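Residue 474 in the numbering used here sits at position 381 of the sequence shown, with consecutive numbering throughout.
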Amino acid sequence: MSGLPTTQRPTAYHYPESHVPRNSNPFEAVYSGIFGDASKKWGPFSKIVGEARQKNTWNEWRVSDIADREPDDNQADPDTLEYQQAVSTRSKATKEIYHFTTETLKDVRPAHLDFIEILGGKTQHSGDYDDEFFRYHWKNLYRTIEQWASRWFDGNLNLDNINAPRGGGENQIWSVPLSPQFIEYARLVAHEDQGLGGWPVFLNDHLHRKWLMVGILSQIMEKKIFNELLFGADDFFEEELSSQDIKWLQREGFGRKASRAITAQYAVQDRLVPQEFYPLVDDLAAKTMKIYLPILNVFKVMRTESWYKPEVFLGEVHTILQYAGFIQVCQAISPSIFHVLSATPGSRMDYEIEAQSDVRIYRESKDFWSTEDKKWHQLIESGRSGHGGYYSPDLPRDDNEKRLLEYHRIRGAKVKVAVFPRITRYTAYNKGKGANDGDEAVHYDSGRPYNKNSDGTTEGMGISNIVDCMVVYYQGLIYPPDDIIESTPLLDYLKELPQHHGGLVGVLATTIVALFSISRHAFWHSLVLGGFLTLLGSLYTGREFVSHALGEHILGIMVGVFFFFVMSRAQFEQNNRELGYLIAVTPIILAYIAGAFYYVNKPDESSYGFIGSVKYLFAYTRYLVAYFFNLVTFFKAKKIAQES
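Below you can see the structure in the form of structure tokens.
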């Protein structure tokens, strides 16, 4: 513990108050009133953005800006041999050291990694790679992502002055227009500690912000790269791998993986990556940058370094995704099975498979809750001794109640941020040879099975831990009572924040969306109520027909209803629900049709002439509409009952 680094908490960034008069131009004031002030969406940074807009110095970053800066095709291609030789000659002459940022500013096109150099000069994949190969590259990938997050989102920069309390309005970064994908990934990797900063601390504190960004990028890679059967495969091999995996879904796992590995090797052929590898990396890098763009636009207000540019960010993300994709290709051509497992935010510590990325956050949480616990015990002692004045009813009255509350106040390490996944490798040894008679159980040593009585030909499985699951802990309740909400889901928290309406147009748009949402939710309930009232109205209006039918045909009606009931029940037992519903409502259809014909053909004086025909036609249509109302009501009422 004492050997861990301790750093002084940096001074919080204080953004200056605006002294530039806003909307001095009457046309600009009218425009802002109608369409809204575009600076307001940036929350606590709206004043700085507004000043920059007044001075025409604000430039919001977009991915399209990088595409517009891409060199023409007739310029030197950094992937051609001539370009590389020219750069090599120039570097030898000037003895310049390669700087990624400098090269990126010269050419915004992301560069390709030299996978031949990564493999030590090999131009083709070997059949498989050992554990140390994967362990080295997975750990290197983690270190690269950590350095990337420190470089772009840490900056030793705290924003304590905008660490607003819950519901603190626009004075926090969560109120800026974050992308839906960013919010979804943040929800998957982070868990709120309400007592220590809540959700705002994840973007205000430099350590929380750094590990949140690492966790988000790790989730992106897990879902978009490592969940693929072969990242970068073209349509033909992608379909071949998918159909092969589905076809052999019930077969033994190692056999399926070995078959997929052969297909993956054919897809790679004499290259080191599949044919569509780089186009997929390009597309994923652009989408990943769009996820981070709102945060980058916020922090470029405070980060004034010359290298803090969108094209540099895109280039670094592109490099990281290339590296991750290459590791996935190496796993795909291996007959071993690789299991990628991320921690669950809010879950209890699992020390055997988890490791802490940063112990400082856990220490801070532990110290905070230890202090709170000491205060709680002091209040109890003061209240019992009579020196504390008012005794809160929330405090225990006796020792039994105190022991119960102490049990519910027990705290331990729980996952606050799922930073990086755990990678486990399963390898089959001597597959198909079976176990020798009389052999002892197979043991494991560094992931490889061995048997003292065997000659090395016993069938077995090796389990290798490539990297541990990297997490950030906090002190959470181990046995919380049922009435305690320890954490608010991120989506619920964001709903508490005020939304930027954007002037008159924004208010109207928000109102229309809200009314549409209300009407959409209320439509089916209104339809059920309307159908029920229509049913009662149709029975009252057709009371003469109902009386006639029950008086003259009661026996036939009972037999018919029983017949349809038996038929529909038989369909439900066979799980033919649609046909069962149709048979069940058939008596209602027949009843309405019979009622319509009864009134149309009723022999009285009003049934003749144009007026009478229109009257009976209207009656028939009315009952037909009532039937459809009741039919829809029947289905929707059943759905509402199931949901409730």
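Beta carbons are placed, not taken as given, at the ideal position from N, Cα and C, and that holds for glycine.
None of the values given here were measured: they were computed from a predicted structure.
With distances taken between CB atoms, is the gap from S440 to A511 smaller than 7 Å?
Locating residue 440 in the sequence shown gives position 347, where the first residue counts as 1. Locating residue 511 in the sequence shown gives position 418, where the first residue counts as 1. Against a cut-off of 7 Å, the Cβ pair of A511 and S440 comes out as no contact.
How about K140 and V560: do their beta carbons lie closer than 7 Å?
The sequence position of residue 140 within the sequence shown is 47, counting from 1. The sequence position of residue 560 within the sequence shown is 467, counting from 1. Going by C-beta atoms, K140 is not nearer than 7 Å to V560.
Hey, how far is the Cα of I209 from the Cα of T216?
Sequence index remark: in the sequence shown, residue 209 carries index 116 (1-based). Sequence index remark: in the sequence shown, residue 216 carries index 123 (1-based). I209 and T216 have their C-alpha atoms roughly 6 Å apart.
Output needed for H284: all residues of its chain with C-beta closer than 7 Å, excluding positions within five of it in sequence on either side, in chain order.
Counting from one through the sequence shown, the residue named residue 284 turns up at place 191. Cβ neighbours of H284 beyond the five flanking positions: P438, G439, V508, K509 and S580.
How about the segment 267–286 and the segment 423–433: do they share at least three Cβ pairs that are nearer than 8 Å?
Result no; under three Cβ-Cβ pairs closer than 8 Å.
Take the Cβ of A169 as the centre, count every other Cβ of all protein chains shown within 10 Å, and call the residue buried at 16 or more, exposed below.
The residue labelled residue 169 in the question sits at position 76 within the sequence shown. Bear in mind that the predicted position of A169 carries a pLDDT of just 47, short of 50, making it too unreliable to give a figure here.
Taking the runs of the alpha helix (DSSP H) that are 4 residues or longer, which of them lie wholly in the segment 362–431?
Runs of the alpha helix (DSSP H) inside the segment 362–431: 370–392 and 403–425.
Straight-line Cα distance separating F658 from G649:
Your numbering for residue 649 matches position 556 in the sequence shown. Your numbering for residue 658 matches position 565 in the sequence shown. About 14 Å.
Count the other CB atoms, across all protein chains shown, that sit within 10 Å of the CB of S157; report buried if there are 16 or more and exposed otherwise.
What you label residue 157 is simply residue 64 of the sequence shown in a count that begins at 1. The residue is exposed, with fewer than 16 neighbouring Cβ atoms inside 10 Å.
Exposure of A448, with buried meaning 16 or more beta-carbon neighbours within 10 Å
Taking the sequence shown and counting its residues from 1, one reaches residue 448 at position 355. Exposed.
Just the Cα atoms here: how many angstroms apart are T551 and P387?
Your numbering for residue 551 matches position 458 in the sequence shown. Your numbering for residue 387 matches position 294 in the sequence shown. One alpha carbon belongs to T551, the other to P387, and they sit about 57 Å apart.
What do you reckon, are the CB atoms on M442 and A378 nearer than 7 Å?
One-based indexing of the sequence shown puts residue 442 at position 349. One-based indexing of the sequence shown puts residue 378 at position 285. With contacts defined as CB atoms closer than 7 Å, M442 and A378 fail to qualify as a contacting pair.
Are there 16 or more other CB atoms within 10 angstroms of the CB of P403, so buried, or fewer, so exposed?
Counting from 1 along the sequence shown, the entry for residue 403 is found at position 310. Buried, by the Cβ-count rule.
On a Cα-Cα basis, can you pick out the residue from R236, R670, Y685 and G644 that is closest to G630?
By one-based count along the sequence shown, residue 630 stands at place 537. It is Y685.
Sorted by chain position, which residues of the same chain lie with C-beta nearer than 7 Å to E239's C-beta, five sequence neighbours on each side aside?
For the purposes of this step, residue 239 is identified with residue 146 of the sequence shown, where counting begins at 1. Once the five neighbours on either side are set aside, the close Cβ partners of E239 are V307.
Do you know whose CA, among R453, F392, D451 and I420, lies nearest P137's CA?
Here the question's residue 137 lines up with position 44 in the sequence shown. It is F392.
Which residues share a DSSP beta bridge with S557?
Taking the first residue of the sequence shown as 1, we reach residue 557 at position 464. Partner(s): R518.
DSSP three-state assignment for E153, whether helix, strand or coil:
In the sequence shown, the residue the question calls residue 153 occupies position 60. Under the three-state reduction of DSSP output, E153 falls in the coil class, being neither helix nor strand.
Given S219 as reference, the closest of T397, I413, C423 and N251 once Cα atoms are compared:
The residue given as residue 219 occupies position 126 in the sequence shown. Relative to the Cα of S219, the nearest Cα in the group T397, I413, C423 and N251 belongs to C423.
In terms of residues, what are the limits of the beta strand (DSSP E) holding R504?
Position 411 of the sequence shown holds residue 504. Start and end: R504 to F513.
Quick check on Q343: buried or exposed, where buried means 16 or more other Cβ atoms within 10 Å of its Cβ?
Taking the first residue of the sequence shown as 1, we reach residue 343 at position 250. Q343 comes out exposed.
According to DSSP, is V269 helix, strand or coil?
On the sequence shown, position 176 is the one that residue 269 refers to. DSSP places V269 in coil when its eight states are reduced to three.
Compute the Euclidean distance between the alpha carbons of K459 and G290, then round it to the nearest angstrom.
For the purposes of this step, residue 459 is identified with residue 366 of the sequence shown, where counting begins at 1. For the purposes of this step, residue 290 is identified with residue 197 of the sequence shown, where counting begins at 1. Pairing K459 with G290, the inter-Cα distance amounts to about 13 Å.
Which of helix, strand or coil DSSP assigns to C562
Counting from one through the sequence shown, the residue named residue 562 turns up at place 469. Assigned with DSSP and collapsed to three states, C562 falls in strand.
If the criterion is Cβ atoms closer than 7 Å, does the pair F513 and S335 meet it?
Taking the first residue of the sequence shown as position 1, residue 513 is located at position 420. Taking the first residue of the sequence shown as position 1, residue 335 is located at position 242. No, these two residues do not count as a Cβ contact at 7 Å.
Straight-line Cα distance separating A354 from D221
One-based indexing of the sequence shown puts residue 221 at position 128. One-based indexing of the sequence shown puts residue 354 at position 261. For D221 and A354, the gap between their C-alpha atoms comes out near 10 Å.
When you compare only the Cα positions, how much space is there between D491 and I413?
By 1-based counting over the sequence shown, the position of residue 491 is 398. By 1-based counting over the sequence shown, the position of residue 413 is 320. Taking the straight line from one Cα to the other gives about 59 Å.
The alpha helix (DSSP H) spanning E445 covers which residue range?
Locating residue 445 in the sequence shown gives position 352, counting from the first residue. Note, E445: premise wrong, no alpha helix (DSSP H); not H, not E.
Considering only their Cβ atoms, is the gap separating D338 from E369 smaller than 7 Å?
For this step, residue 369 is matched to residue 276 along the sequence shown. For this step, residue 338 is matched to residue 245 along the sequence shown. Taking 7 Å as the Cβ cut-off, E369 and D338 do not qualify as a contacting pair.
Rounded to the nearest angstrom, what separates L601 and G673 at their Cα positions?
Here residue 601 refers to the residue found at position 508 of the sequence shown. Here residue 673 refers to the residue found at position 580 of the sequence shown. L601 and G673: Cα-Cα distance of roughly 46 Å.
Terminal residues of the alpha helix (DSSP H) in which F324 lies
Start at 1 with the first residue of the sequence shown, and residue 324 comes out as number 231. Neither: F324 is in no alpha helix (DSSP H) and is coded neither H nor E.
Just mark Y772 as buried or exposed, buried being the case when its beta carbon has 16 or more other beta carbons within 10 Å.
Residue 772 cannot be examined here, being either before or after the span of the chain that is shown, 94 to 737.
Where does A568 fall in DSSP's three states?
Residue 568 sits at position 475 when you count from the first residue of the sequence shown. Looking at the sequence shown, residue 568 is not Ala but Gln. The DSSP-derived three-state label of Q568 is strand.
Confirm, please, whether the CB-CB distance from V366 to G325 is below 7 Å.
Reading the sequence shown from its first residue, position 232 is the one you call residue 325. Reading the sequence shown from its first residue, position 273 is the one you call residue 366. Pairing G325 with V366 gives a Cβ-Cβ distance under 7 Å.
According to the neighbour-count rule (16 or more other Cβ atoms, all chains shown, within 10 Å of its Cβ), is P203 buried or exposed?
For the purposes of this step, residue 203 is taken as the residue at position 110 of the sequence shown. The residue is buried, with at least 16 neighbouring Cβ atoms inside 10 Å.
Enumerate in chain order the residues of its own chain whose CB-to-CB distance from I420 is below 6 Å, with the five nearest sequence positions on each side excluded.
Along the sequence shown, one-based indexing puts residue 420 at 327. Taking I420 as the centre and dropping the five residues before and after it, the same chain places the C-beta of H230 closer than 6 Å to its C-beta, in chain order.
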